[in-house]
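In this note's numbering, the protein residues as written are -7 to 107.
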Amino acid sequence: QVQLVESGGGLVQPGGSLRLSCAASGFTFSRYTMSWYRQAPGKERELVASIGSAGESTNYADSVKGRFTVSRDNAKNTVYLQMNSLKPKDTAVYYCNARWLVSYWGQGTQVTVSS
């Protein structure tokens, strides 16, 4: 049974930091490109960051470059998103995605940036 379980979301003040985690199970994690997406109310889901199967390459949306860092630990079947200098516009539900021939999604975790 495939599972992607996100954690680490919450309420944070502007300028603060959060670290999201996504624990994977039920598939060969090390073969999959892992990505973080987000969806704000009334908006389409957008790609935030992705990382290659061995962590050899990363890609970021322009809006988060220099503030967010994606990483993975294949020994723990976990992908992370370190989010620094958070802004109110970063408020969204953040989703974990695994992609290699097929695509899997987590249930999402809410991130709210507000004073």
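Quick reminder that beta carbons are idealized off the backbone N, C-alpha and C, glycines included.
This one's a predicted model, so the numbers in the text were calculated from it and none came from an experiment.
Please report the distance separating the alpha-carbon of Ala32 from that of Ser107. 18 Å
Per DSSP, cross-strand counterpart(s) of Asp65: Thr70
Could you give the distance in angstroms between the alpha-carbon of Leu3 and the alpha-carbon of Thr20? 33 Å
Compare the Cα-Cα distances from Gly44 to each of Phe60, Ser55, Arg37 and Ser27 and report the closest residue. Ser27
Secondary structure, alpha helix (DSSP H): runs of 4+ residues fully inside the segment 27 to 59: none
Could you pull the DSSP bridge partners for Ser17 from this structure? Gln(-5)
Since I believe Val40 is in contact with Pro80 (beta carbons under 8 Å), could you give me their beta-carbon distance rounded to a whole number of angstroms? Their Cβ separation, rounded to whole angstroms, is 16 Å, which puts Pro80 and Val40 out of contact at 8 Å.
Got a sec? Which residues, its chain only, sit under 6 Å from Gly1 by beta carbon, not counting five neighbours each side? Thr101, Gln102 and Val103
Under 7 Å between the Cβ atoms of Leu(-4) and Leu73? no
Have a look at Gly58, Arg37 and Ala16 and flag the residue whose alpha-carbon is nearest the alpha-carbon of Thr83. Arg37
Does DSSP classify Ser95 as helix, strand or coil? strand
Using DSSP's beta-bridge definition, name the partner residues of Thr104. Leu3
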